[in-house]
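Peer 1:
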Amino acid sequence: MNLPNLNDARKRTKEKVNILENYKITIEQKLIGKGKKYYVKTYGCQMNEHDSENIKAILEDMGYSSTDNLEDANLIILNTCAIRENAHNKVFGLLGRIKHMKQTKEVMVGFGGCMAQEEVIIDEILSKYKWIDFVFGTHNIYDLPNIIEKAKNKQEIDVFSIEGDVIENIPVKRDSKYKAWVNIMYGCDKFCTYCIVPYTRGKQRSRLPEYIIDEVNNLIKDGYKEVTLLGQNVNAYGKDLDIDYNMANLLEDVAKTNIERIRFVTSHPWDFNDDMIDVISKYKNIMPYIHLPLQSGSNKILKLMGRRYTKEQYLKLYNKLKTKIPNCAITTDIIVGFPNETKEDFQDTLDVVNKCKYDGAFTFIFSPRIGTPACRMKDEILLEEKEERLQILNDLVNKYSKENNLQYLNKIVPVLLEDYSSKNGNYLKGYTDTMKLVNVKADDNYLGKIVNVKITSVKTWSMDGEII
Ligand code: SAH
Ligand code: SF4
Ligand code: F3S
Numbered sequence: 000m001n002l003p004n005l006n007d008a009r010k011r012t013k014e015k016v017n018i019l020e021n022y023k024i025t026i027e028q029k030l031i032g033k034g035k036k037y038y039v040k041t042y043g044c045q046m047n048e049h050d051s052e053n054i055k056a057i058l059e060d061m062g063y064s065s066t067d068n069l070e071d072a073n074l075i076i077l078n079t080c081a082i083r084e085n086a087h088n089k090v091f092g093l094l095g096r097i098k099h100m101k102q103t104k105e106v107m108v109g110f111g112g113c114m115a116q117e118e119v120i121i122d123e124i125l126s127k128y129k130w131i132d133f134v135f136g137t138h139n140i141y142d143l144p145n146i147i148e149k150a151k152n153k154q155e156i157d158v159f160s161i162e163g164d165v166i167e168n169i170p171v172k173r174d175s176k177y178k179a180w181v182n183i184m185y186g187c188d189k190f191c192t193y194c195i196v197p198y199t200r201g202k203q204r205s206r207l208p209e210y211i212i213d214e215v216n217n218l219i220k221d222g223y224k225e226v227t228l229l230g231q232n233v234n235a236y237g238k239d240l241d242i243d244y245n246m247a248n249l250l251e252d253v254a255k256t257n258i259e260r261i262r263f264v265t266s267h268p269w270d271f272n273d274d275m276i277d278v279i280s281k282y283k284n285i286m287p288y289i290h291l292p293l294q295s296g297s298n299k300i301l302k303l304m305g306r307r308y309t310k311e312q313y314l315k316l317y318n319k320l321k322t323k324i325p326n327c328a329i330t331t332d333i334i335v336g337f338p339n340e341t342k343e344d345f346q347d348t349l350d351v352v353n354k355c356k357y358d359g360a361f362t363f364i365f366s367p368r369i370g371t372p373a374c375r376m377k378d379e380i381l382l383e384e385k386e387e388r389l390q391i392l393n394d395l396v397n398k399y400s401k402e403n404n405l406q407y408l409n410k411i412v413p414v415l416l417e418d419y420s421s422k423n424g425n426y427l428k429g430y431t432d433t434m435k436l437v438n439v440k441a442d443d444n445y446l447g448k449i450v451n452v453k454i455t456s457v458k459t460w461s462m463d464g465e466i467i
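So in numbering that gives the first Met the number 0, spot 375 of the sequence shown is number 374, and the numbers just go up one at a time.
Structure below.
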């Protein structure tokens, strides 16, 4: 048994990052899932979505096949998220249902992802969830064949609180045939005071450019149209490598592969430099869309959060992006109710929203995460007050989102049609270069194509259009 440890997770030493090919599977392990079905439920960010693509590929390598029906599964894996308390609650809700299932049929249950990296959660599993068959963390997904094999006999808990290495040979089963996630870095060293990610994901480790470019070239060969470069703060890419190579260099090299669309998430404003902006505006295949988390508009709160920029610096960057990248859409993340956030602090946040008129924003009430500095800060704001602030913020965000969308009415925009629309079988859905969701009447032949679409109607969260 390997249990997570918060103090170890916090450590950052000068230890070298190893590039390893640790994924191995024996002939016996390839037969474990024969005739059996798996169901993977994913919570959290794109990083977790992509980890689940690795988990699914490993399970298929072990002989399992997939099912979309929880009740049909012989193996259920929850890939969890720890970012806020409500992420926890959802997972425990589903565990209740699975426990019930386990009383009537034989099913193996695995628990992985960021919650598994938390000491408090593992304590809870050890005391109240003895029926969970295995637990794995974010650092040892590659070891699933061994973990599952061992779990056949007894509860197997294998979680490492290490700084982390880079494992290059994990197989992947991608959810889409047209757009792909490509990890460019793992972990995070920023330690924003509210955030659990640096503890659950380890230190920042950039992948070497040649591996990334290889992956993109292979995706092109497989017919992929779009890649999203993934990391917790991609703008810091390369800072941990021994070579003189940064995010601007990587973006340029990926652009030169001629893949049709390139996106990247998430951009920390602190590391966004002019070279990057120049490269984005120079290459047509780097999409004019940037997710630029603000978190707060108050300098006092930004400082308490450890974000390392001021409201003024953020606005300056925002304006630079808007002027240098034509037609650029910008979205953001905002936290309300951080400890000691006064009405004036909140007004500062609204002020930035009024200035930036975001295309969209993910908004959250501060959620104390055990082990983070903000969790120990005194917090006297009532929950009702926080909920009220969230509501005011959401109304403002929605107003600008709709206003921005309205500017698309009757315009012709490029859309990558990626799937059937959820609203109607005769419709396909896709995203514009600026990441606007569009529903279009079209048949299957258009799947995976980038088409010009005239926008005919607009809502707060999506648009309808016709192929030109
Ligand atoms: N790496 C990204 C953020 C990843 S987490 C970045 O730095 O921008 C996604 C979002 O969750 C964050 O931007 C933040 O707005 C929110 N978040 C993170 N920790 C939180 C907490 N403890 N309470 C509420 N929201 C939180
Ligand atoms: Fe969390 Fe900050 Fe790292 Fe983003 S940059 S993952 S908010 S610590
Ligand atoms: Fe959640 Fe872990 Fe992502 S905490 S947001 S799944 S990095």
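Every residue, glycine too, gets a C-beta built ideally from N, C-alpha and C.
Does the Cβ of residue 194 lie closer than 6 Å to at least one heavy atom of ligand 2?
Peer 2: Yes, the beta carbon of residue 194 sits closer than 6 Å to at least one heavy atom of ligand 2.
Peer 1: Have a look at 272, 300 and 268 and flag the residue whose alpha-carbon is nearest the alpha-carbon of residue 291.
Peer 2: Closest by alpha carbon: 268.
Peer 1: From the DSSP output, read off the bridge partner residues of residue 290.
Peer 2: Partner(s): 330.
Peer 1: Look at the Cβ atom of residue 336, then the Cβ atom of residue 400, and state whether they are nearer than 7 Å.
Peer 2: In this structure, residue 400 does not lie closer than 7 Å to residue 336 by Cβ.
Peer 1: Around the C-beta of residue 261, are 16 or more other C-beta atoms found within 10 angstroms, so that it is buried, or is it exposed?
Peer 2: It is buried - the Cβ of residue 261 has at least 16 other Cβ atoms within 10 Å.
Peer 1: Check the DSSP bridge columns for residue 464 and list the partner residues they point to.
Peer 2: The partner list for residue 464 (beta bridge, DSSP) reads 439 and 454.
Peer 1: Determine the extent of the beta strand (DSSP E) in which residue 190 is found, giving its start and end residues.
Peer 2: No beta strand (DSSP E) contains residue 190, which DSSP labels as neither H nor E.
Peer 1: Output the distance between the C-alpha atoms of residue 402 and residue 429, rounded to the nearest integer angstrom.
Peer 2: Each residue's alpha carbon lies about 20 Å from the other.
Peer 1: Can the beta-carbon of residue 143 be found less than 7 Å from the beta-carbon of residue 26?
Peer 2: It is not a contact, given that the beta carbons lie outside the stated cut-off.
Peer 1: With residue 206 and residue 183 assumed to form a contact (beta carbons below 8 Å), what rounded beta-carbon distance in angstroms separates them?
Peer 2: Residue 206 to residue 183, Cβ: 6 Å. Contact.
Peer 1: Near residue 7, which residues of its chain fall below 6 Å by C-beta distance, leaving aside the five closest residues on each side in sequence?
Peer 2: If we look at residue 7 and ignore the five residues flanking it on each side, its Cβ neighbours are 160.
Peer 1: Out of curiosity, what's the CA-to-CA distance linking residue 221 and residue 394?
Peer 2: Those two C-alpha atoms are separated by around 42 Å.
Peer 1: Whether or not the stretch 406-424 and the stretch 442-453 are in contact is what I'm after, with contact meaning three or more pairs of Cβ atoms, one per stretch, closer than 8 Å; do they touch?
Peer 2: Cβ pair count under 8 Å is three or more, so yes.
Peer 1: In angstroms with no decimal places, state the Cα-to-Cα distance between residue 172 and residue 350.
Peer 2: Straight-line Cα distance between these residues: approximately 43 Å.
Peer 1: Which ranges would you report for the alpha helix (DSSP H) in the stretch 140-177 if only whole runs of at least 4 residues count?
Peer 2: Counting whole runs of 4 or more residues, the stretch 140-177 contains the alpha helix (DSSP H) stretches 143-150.
Peer 1: Residue 345 by DSSP, collapsed to three states: which one?
Peer 2: Three-state DSSP puts residue 345 in a helix.
Peer 1: Which value, in whole angstroms, describes the spacing of the CA atoms of residue 77 and residue 409?
Peer 2: Near 43 Å, if we compare the C-alpha coordinates of residue 409 and residue 77.
Peer 1: Who does residue 225 pair with in a DSSP beta bridge?
Peer 2: Paired residue(s): 178 and 260.
Peer 1: Thinking C-alpha only, which one of 422, 164, 407 and 342 is nearest residue 388?
Peer 2: Checking every option, the nearest Cα to that of residue 388 belongs to 342.
Peer 1: Does DSSP put residue 249 in a helix, a strand or coil?
Peer 2: The answer is helix: DSSP assigns residue 249 an H, G or I state.
Peer 1: Report the three-state DSSP secondary structure of residue 402 (helix, strand or coil).
Peer 2: In this structure, residue 402 counts as helix in the three-state DSSP scheme.
Peer 1: Please find out if some non-hydrogen atom of ligand 2 comes closer than 6 Å to the beta-carbon of residue 49.
Peer 2: No, ligand 2 has no heavy atom inside 6 Å of this Cβ.
Peer 1: Would you call the stretch 81-91 and the stretch 50-64 touching, i.e. three or more CB-CB distances under 8 Å?
Peer 2: Short answer: they don't touch.
Peer 1: Since residue 438 and residue 422 should fall inside the 8 Å C-beta cutoff, what is the C-beta to C-beta distance between them, to a whole number of angstroms?
Peer 2: Their Cβ separation, rounded to whole angstroms, is 6 Å, which keeps residue 438 and residue 422 in contact under 8 Å.
Peer 1: Which residue from 419, 238 and 38 puts its Cα closest to that of residue 74?
Peer 2: If we check each option's Cα against that of residue 74, 38 comes out closest.
Peer 1: From the DSSP output, read off the bridge partner residues of residue 362.
Peer 2: Looking at the DSSP assignment, residue 362 forms a beta bridge with 333.
Peer 1: Starting from residue 198, follow the alpha helix (DSSP H) in both directions and report where the run begins and ends.
Peer 2: 196-200 is the extent of the alpha helix (DSSP H) around residue 198.
Peer 1: Which residues in the same chain as residue 30 place their Cβ atom closer than 7 Å to its Cβ, once the five residues preceding and following it in sequence are excluded?
Peer 2: So the list reads 62, once near-sequence residues are dropped.
Peer 1: Pull up the distance between the alpha-carbon of residue 216 and that of residue 178, whole angstroms please.
Peer 2: Cα to Cα, the separation comes out at about 13 Å.
Peer 1: Excluding the 5 residues flanking residue 284 on each side, which residues of the same chain have their C-beta closer than 8 Å to its C-beta?
Peer 2: Answer for residue 284: 254, 257, 258, 259, 260 and 261, listed in chain order.
Peer 1: Quick check on the DSSP output: the beta strand (DSSP E) that includes residue 416 runs from which residue to which?
Peer 2: Taken as a continuous stretch (DSSP letters only), the beta strand (DSSP E) holding residue 416 covers 411-419.
Peer 1: Which residues in the same chain have their Cβ closer than 8 Å to the Cβ of residue 377, if we skip the five residues on either side of it in sequence?
Peer 2: Answer for residue 377: 338 and 339, listed in chain order.
Peer 1: Which value, in whole angstroms, describes the spacing of the CA atoms of residue 79 and residue 158?
Peer 2: Looking at the two C-alpha atoms, the distance is approximately 13 Å.
Peer 1: Given a cut-off of 7 Å, decide if residue 166 and residue 404 are closer than it, judged by their beta-carbon atoms.
Peer 2: Cβ atoms of residue 404 and residue 166: not closer than 7 Å.
Peer 1: Look at the alpha carbon of residue 386 and the alpha carbon of residue 152, and state the distance between them as a whole number of angstroms.
Peer 2: So the two alpha carbons sit approximately 47 Å from each other.
Peer 1: Using only CA atoms, which one of 442, 245 and 407 lies nearest to residue 456?
Peer 2: Answer by Cα proximity: 407.
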